[in-house]
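Start counting the sequence shown at 6; every next residue gets the next number (the numbering used here).
No residue lacks a Cβ here, since even glycine has one placed at the ideal position from N, Cα and C.
Predicted model, so just to flag it, every value in this text is computed and none were measured.
A short write-up of the structure that comes next.
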Amino acid sequence: MELKEIIQNYFKEIDWNIEPKQLYTPISYALESGGKRLRPMLTLMATKLFGGDINKAMPAAVALEIFHNFTLLHDDIMDRADMRRNRPTVHVKWDDNTAILSGDAMLIKAYQYLSKTETDKKEEILDLFTTTALQVCEGQQYDANFETRTDVTIEEYYHMIYLKTAVLLACALKMGAILGGASKEDANNIYEFGINIGIAFQLRDDYLDCYGDESTFGKKIGGDIMCGKRTFLLIQTLKNCGVSQRLTITQLLDNNSIHEREKVSTIIDIYNQLDMPKRCNEAINHYYKLSLESLDKINKSEEEKAPFVSLAKELMGRND
């Protein structure tokens with residue numbers, strides 16, 4: 006049985022049909038939409054790579070997925086996002102208060118599952134998880150702070166996505182490595198693989214927000230532009246554009262009365278004029294290559310590491 010199928014079956018067996026339903030039904034709704042199940046998959050893959058028991062690692066893998074989905078519930082409120090995975094977001098289907106409280110319960114449930122993990126390294130994985138969870142919150146705050154600034158540097162952006170996206174993928178891998186019995190060096194190398202593929206993954210997400218297919222992307226195209234998010238594309242455009250282009254962008258971002266489609270299409274046109282899609286893809290490829298270099302350092306055979314290469318290619322939409 007494939008790891009993803011094992012994970013899906015485990016989630017199907019979790020009973021959320023408990024009282025009060027107003028708290029638990031939104032949790033079930035958020036988790037049943039599936040998504041890639043990327044974080045639990047990485048945990049189990051890393052556990053397996055280092056010879057551990059994936060069944061014993063499952064509670065930790067589930068904890069990471071519940072935590073990730075908790076962050077999405079709250080992110081969607083902050084971003085006023087109305088779609089997630091081609092379905093209404095929890096705060097739209099119910100309301101903000103429901104999404105906040107159900108999200109809070111998910112965070113507690115994540116810790117509950119993590120505490121069920123059978124390992125003599127429990128303190129280590131709890132410390133890793135807690136540090137990571139706080140970093141994700143820091144990244145989200147930086148992301149929110151940047152929305153009112155036009156002087157965000159690319160270095161600040163990379164630090165933000167390191168915290169908001171990359172550390173959780175890296176945590177999933179390192180946690181699996183620890184549970185699998187990896188050496189400290191290999192656990193750190195697989196963490197670095199996660200950081201680099203996580204940064205590439207977020208850069209690709211930025212790219213797809215403007216250039217993706219809405220039906221496969223699962224979110225509204227141009228959502229980042231509508232929220233005023235400082236993405237790679239916007240930051241590099243503001244750095245490299247002319248005076249008139251900068252004025253157009255700032256006026257559009259500051260004006261909420263302009264129709265969504267006009268705002269998004271005008272800003273994307275400026276991205277295209279400055280060759281930003283190419284620049285973004287170059288940055289994606291840079292971090293993708295760094296991730297493979299980190300993977301090379303792990304003391305396992307190429308055959309054993311092949312599933313990680315395949316997954317990295319899949320995440321980047323590569324077929325080379």
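Asked, Found
"4-residue-minimum alpha helix (DSSP H) runs that sit fully inside the segment 250–279, ordered along the chain", "265–278"
"Own chain, CB closer than 6 Å to residue 227, minus 5 neighbours either side, in chain order", "269"
"Beta carbon of residue 82 nearer than 8 Å to that of residue 96", "yes"
"8 Å contact criterion, which residue 46 and residue 19 should meet: CB distance rounded", "Actually they do not touch by this definition, with Cβ atoms about 17 Å apart."
"Residue 106 beta carbon less than 8 Å from that of residue 36", "no"
"Cβ contact check for the segment 47–57 and the segment 176–185: 3 or more pairs under 8 Å", "yes"
"Whole-number beta carbon distance between residue 144 and residue 165, since they are thought to touch under 8 Å", "5 Å"
"Ordered list of alpha helix (DSSP H) runs contained in the segment 182–231, each at least 4 residues", "189–216, 219–222"
"Per-residue DSSP class, three states only, for residue 321", "coil"
"Length-filtered (3 minimum) beta strand (DSSP E) runs lying within the segment 72–145", "none"
"Distance between residue 203 and residue 289 (C-alpha atoms, nearest Å)", "10 Å"
"Check: residue 24 C-beta below 7 Å from any heavy atom of the ligand NAP", "Only the bare structure without any ligand can be found here, which leaves the ligand NAP out of the picture."
"The segment 303–318 in contact with the segment 187–196 per 3-pair CB rule at 8 Å", "yes"
"Minimum C-alpha distance to residue 60 - residue among 90, 114, 14, 117", "14"
"Proximity to residue 277 [Cα-Cα], best of 224, 242, 253, 41", "242"
"Cβ pair count under 8 Å reaching 3, the segment 305–323 against the segment 242–251", "no"
"Option in 273, 65, 108 with minimal Cα separation from residue 77", "108"
"Test item: CB-CB of residue 235 and residue 152 under 8 Å", "yes"
"Cα-Cα separation, residue 293 to residue 308", "19 Å"
"Where the alpha helix (DSSP H) containing residue 246 begins and where it ends", "Per DSSP, residue 246 belongs to no alpha helix (DSSP H) and is neither H nor E."
"Environment of residue 117 [buried if 16+ CB atoms lie within 10 Å]", "exposed"
"Residue 252, buried or exposed, once every other Cβ within 10 Å from all chains shown has been counted against 16", "exposed"
"Residue 160 versus residue 167: straight-line alpha-carbon distance, rounded", "11 Å"
"For residue 153, the three-state DSSP class (helix, strand or coil)", "coil"
"Reduced DSSP secondary structure (H/G/I, E/B, other) of residue 235", "coil"
"Proximity to residue 84 [Cα-Cα], best of 186, 185, 173, 224", "224"
"Beta-carbon proximity of residue 150 to residue 296, cut-off 8 Å", "no"
"Where residue 256 falls, given that 16 or more other Cβ within 10 Å makes a residue buried", "exposed"
"Straight-line Cα distance separating residue 115 from residue 71", "6 Å"
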